[in-house]
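Using UniProt numbering, the first residue of the sequence shown is number 1, and each one after it goes up by one.
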Amino acid sequence: MENKEQFNGLQTVRLRVNGEEYKLQVLPWVSLLDALREHLTLTGTKKGCDHGQCGACTVLCDGKRILSCLTLAVLKDGAEILTIEGIAGDTQLHPMQQAFIEHDAFQCGYCTPGQICSAIGLLKEGKAKTREEVQELMSGNLCRCGANVGIIDAIMEVKDGGLYE
């Protein structure tokens, strides 16, 4: 007889999320976004368009920014995932979070977790040297409220101040 995992279609996925190890049983078509939100109750990562067009679901996977709505959880077995819940330290905000506050880089706040994760990943990539390059490389994250100027200001402050990890 086949093992239960094969019989019921569930796949085992091991993820290290925000520094903690998890072993999940998911169907093969479950997105990383749904695994984070529904299986781990990490609801900071938002489901916006569910088509990879808005960036609200951006997380860092092995240090690189990805759209978790377009990523199958089973394909990230063994990966290191960082969500907005894991960005801050125990006693203080991450410099990017602080800069978003100081520059009023959010209005409704719905896209903010994805914006912050994307901004941190962008700076780690080290490709953006100018404000225009930051704008271009953040173009996959949409803010429908119009906080884009504050978002770019916040990223530039962290970038120019050398405050990112």
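Glycine included, C-beta positions come from ideal geometry on N, C-alpha and C. In this text the structure is predicted, and so the values were computed from the model without any measurement.
DSSP beta-bridge partners of residue i
i, result
"Leu24", "Val13"
"Ser31", "Leu72"
Continuous alpha helix (DSSP H) stretch holding residue i: start and end
i, result
"Glu157", "148-161"
"Cys117", "112-125"
"Ile101", "95-102"
"Leu82", "From DSSP, Leu82 is part of no alpha helix (DSSP H) but of the beta strand (DSSP E) over 80-82."
"Glu132", "131-137"
Cut-off 7 Å between Cβ atoms - residues of its own chain near residue i, not counting five sequence neighbours on either side
i, result
"Cys145", "Gln107, Cys108"
"Gln98", "none"
Same chain, Cβ closer than 6 Å to residue i, neighbours up to 5 away in sequence not counted
i, result
"Ala73", "Val13, Val26, Val30, Leu32, Ala35"
Simplified DSSP assignment, three categories, for residue i
i, result
"Ile66", "strand"
"Leu142", "coil"
"Met1", "Low local confidence applies: a pLDDT of 42 at Met1 is under 50, so the model's placement there is unreliable, with the coordinate-based value given in what follows. Met1 falls in the coil class under three-state DSSP."
"Asn8", "helix"
Residue i CB to nearest heavy atom of the ligand GTP below 6 Å
i, result
"Gly114", "Ligands are entirely absent from the displayed structure, and the ligand GTP is therefore not among its contents."
Range of the contiguous beta strand (DSSP E) that encloses residue i
i, result
"Leu60", "58-61"
How do the stretch 35-48 and the stretch 5-20 stand: do at least 3 beta-carbon pairs fall below 8 Å, yes or no? The stretch 35-48 vs the stretch 5-20: in contact.
Does the pairing of the stretch 122-136 with the stretch 148-162 give three or more beta-carbon distances under 8 Å? They touch, by the three-pair rule.
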